[in-house]
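S.K.:
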Amino acid sequence: MSKSKSTTNTTTKTAPKNAGKSKIEHNHFVAPYDASVSFDELPDAPQPSKFRFSFTGWLGIIIVTFWVFIAITGPLIAPYGENDLPFPDDYSEFQVPQPGAWLGTDVTDRDILSRLIYGAGRTIGISFLATSLAYILGVILGIGAAISNPKVDMIISRINDAILSLPTIMLGLVVVAAIGSSIPVLICTAGVIYASVVFRLARALGQEIMVMDFVEAARVRGEGLWWIISKEIWPNARMPLLTDFGLRLIYIILFVSSLSFLGLGVQPPQADWGSMVRENLGALQYGTSVIPVIAPAIAIATLTVGINLIVDDVSAFSGGKLSKRL
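Numbering of the sequence shown is given in my numbering, commencing with residue 132 and proceeding in unit increments.
1) Measuring alpha carbon to alpha carbon, tell me which residue in 265, 204 and 398 is nearest residue 380.
2) Would you kindly report the start and end of the unbroken alpha helix (DSSP H) that includes residue 265?
3) Under the assumption that residue 312 contacts residue 396 (Cβ atoms under 8 Å), give the Cβ distance between them as a whole number of angstroms.
4) According to DSSP, simplified to helix, strand and coil, what is residue 236?
5) With DSSP collapsed to three states, give me the class of residue 338.
6) In the DSSP assignment, find the unbroken alpha helix (DSSP H) run with residue 347 in it and report its ends.
7) For residue 229, which beta-bridge partners are listed by DSSP?
8) Enumerate in chain order the residues of its own chain whose CB-to-CB distance from residue 217 is below 7 Å, with the five nearest sequence positions on each side excluded.
9) Using only CA atoms, which one of 189, 239 and 244 lies nearest to residue 429?
10) By alpha-carbon positions, which one of 240, 206, 344 and 223 ends up nearest to residue 248?
11) Suppose the cutoff is 7 Å on Cβ atoms and the five residues either side in sequence are ignored; what does the same chain contact list for residue 299 look like?
12) Give a yes or no on whether the C-beta atoms belonging to residue 261 and residue 314 are separated by under 8 Å.
13) Quick one: what's got a C-beta closer than 6 Å to residue 333's C-beta in the same chain, skipping five residues either side?
14) Compute the Euclidean distance between the alpha carbons of residue 195 and residue 437, then round it to the nearest angstrom.
15) Pick helix, strand or coil for residue 217, following the three-state DSSP scheme.
16) Taking residue 283 as part of the alpha helix (DSSP H), name the residues at either end of that continuous run.
17) Spatial neighbours of residue 222 within its chain, please: C-beta separation below 8 Å, excluding the five flanking residues on both sides.
18) Enumerate in chain order the residues of its own chain whose CB-to-CB distance from residue 304 is below 8 Å, with the five nearest sequence positions on each side excluded.
19) Between which residues of its own chain and residue 350 is the CB-CB distance below 8 Å, once the five residues before and five after are set aside?
20) On the criterion of 16 or more Cβ atoms from any shown chain inside 10 Å, does residue 295 qualify as buried, or is it exposed?
21) Compare the Cα-Cα distances from residue 412 to each of 225, 191, 190 and 371 and report the closest residue.
22) Quick one: Cα of residue 346 to Cα of residue 363, how far?
23) Please report the Cβ distance between residue 341 and residue 278, rounded to the nearest whole angstrom; I am assuming they are in contact, meaning their Cβ atoms lie under 8 Å.
24) Grouping DSSP H, G and I as helix and E and B as strand, with all else coil, what is residue 157?
25) Is the distance from the Cβ of residue 253 to the Cβ of residue 402 below 8 Å?
26) Rounding to the nearest angstrom, what Cα-Cα distance links residue 320 and residue 384 in this structure?
27) What number of angstroms, rounded off, separates the C-alpha of residue 251 from the C-alpha of residue 408?
28) Whose CA, out of 440, 431 and 439, lies closest to the CA of residue 202?
29) Of the residues 361, 228 and 405, which one's Cα is nearest the Cα of residue 422?
30) Given a threshold of 16 other Cβ atoms within 10 Å of its Cβ, counted over all protein chains shown, does residue 255 qualify as buried or as exposed?
31) Whose CA, out of 306, 406 and 290, lies closest to the CA of residue 238?
32) Rounded to the nearest angstrom, how far is the Cβ of residue 192 from that of residue 184, given a contact under 8 Å?
33) With H, G and I counted as helix, E and B as strand and the rest as coil, what does DSSP make of residue 419?
34) Does the separation of the CB atoms of residue 187 and residue 434 fall below 8 Å?
35) Using the beta-carbon count (16 or more within 10 Å), is residue 135 buried or exposed?
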């Protein structure tokens, strides 16, 4: 009897302290796992930190805000109508700046300042709508490809690669020449062409985030696919996508202006910065003023530089990793 008691006592004393716990092996190490841990303790997505613009970022905001204000209020603040002549009794092309025409007149004696203001609305408006369309198409298809099965992903990606292999300006020229030039055609053409670039970024971001620990934790908790997309993928992909939105906007501004310069963009007599440069090229040869050409060119340059200053700040905040994904 004494032996059995001592055996029992010995067994009780030597029982492991971690009874009720198991160990899960992960490749080359053994990690303890406590079955009492609740799902609420599983990792969540990292919370974004506070963002502040630098001096150059604020300078970009001021420049972009100025041109957006001009684009919105253009018809209200323009001294003349889009095609009005400031000096109808003194018709002369390429007049120098003077009271009543502060930037001079163009090839048909129309006020340069008024057409520059009206052109801001079309250039910025067309470019912004085209960029928004590119993002709607690119993000939906990119995230969809990232979370879909490999066959669907491969099919969409190969079609996208085929579009990317074509030069953007050449593709735009062919499409606009075949369908006809109009503002809706310009928006759709630029949006579809640049959606292929957005698709590549959105797909890379989606694939990268889908393998993160917090996404796996959400799956373990039983969260649905839409919840994972809206609560985990989108918040973490938002900053790189917003950064790239600014870059795409710059490229589309230049794309639309290039088509207008080549005569397949906004058609006369409507004002557009690219078409204004093309119409007034004669001022460089025999005109008395180069402002009809320089003014819209400076407008395009300042707008794109202002957007780029903002993008640089946002890109630095997001870790500067956007270029690695492009």
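All C-beta atoms, glycine included, are put in the ideal place defined by N, C-alpha and C.
M.R.: On the basis of the supplied data:
1) Minimum Cα distance to residue 380 is reached at 265.
2) Counting along the chain, the alpha helix (DSSP H) containing residue 265 begins and ends at 243-278.
3) Taking the Cβ atoms as the reference, residue 312 lies roughly 7 Å from residue 396, within the contact range of under 8 Å.
4) Of the three classes helix, strand and coil, the one that applies to residue 236 here is strand, per DSSP.
5) Per DSSP, reduced to three states, the secondary structure at residue 338 is helical.
6) Run containing residue 347: 344-351, per the alpha helix (DSSP H) assignment.
7) In the DSSP assignment, residue 229 is bridged to 232.
8) Cβ within range, chain order: 211, 231, 232, 236 and 242.
9) Minimum Cα distance to residue 429 is reached at 244.
10) With distances taken between Cα atoms, residue 248 lies closest to 206.
11) Answer for residue 299: 324 and 386, listed in chain order.
12) Contact: no.
13) Apart from sequence neighbours up to five positions away, the residues of its chain that approach residue 333 with a beta-carbon distance below 6 Å are 269, 270, 273 and 274, ordered along the chain.
14) Cα-Cα distance, rounded: 6 Å.
15) The three-state secondary structure of residue 217, taken from DSSP, is coil.
16) Residue range 281-295 is occupied by the alpha helix (DSSP H) that includes residue 283.
17) Excluding positions up to five away in sequence, the list reads 216 and 240.
18) Only residues of its own chain outside the window of five on either side were considered, and among them 390, 393 and 395 have a CB closer than 8 Å to the CB of residue 304, listed in chain order.
19) Closer than 8 Å at Cβ, skipping near neighbours: 359.
20) Residue burial is scored here from C-beta neighbours: residue 295 has fewer than 16 other C-beta atoms within 10 angstroms and is therefore classed as exposed.
21) The option with the nearest alpha carbon to residue 412 is 225.
22) A straight line joining the alpha-carbon of residue 346 with that of residue 363 spans about 7 Å.
23) That belief holds up - the Cβ atoms of residue 341 and residue 278 are roughly 6 Å apart, short of 8 Å.
24) Residue placement at residue 157 is poorly supported in this model, since its pLDDT is 42, which falls under 50; the coordinates still yield a value, given next. Residue state, collapsed to three classes: strand.
25) Yes. Within cutoff.
26) Computed Cα separation, rounded: 13 Å.
27) So the two alpha carbons sit approximately 13 Å from each other.
28) Ranking the options by Cα distance to residue 202, first place goes to 431.
29) Ranking 361, 228 and 405 by CA distance to the CA of residue 422 puts 228 first.
30) That one is buried.
31) Looking at the Cα atoms, 406 is the closest of the given residues.
32) At roughly 7 Å, the Cβ-Cβ gap stays under 8 Å, so residue 192 and residue 184 are in contact.
33) If DSSP states are grouped into helix, strand and coil, residue 419 belongs with coil.
34) Here residue 187 is not near residue 434, since their CB atoms are 8 Å or more apart.
35) Only weak support exists for where residue 135 lies, its pLDDT of 45 falling under 50; the coordinates are left without a value.
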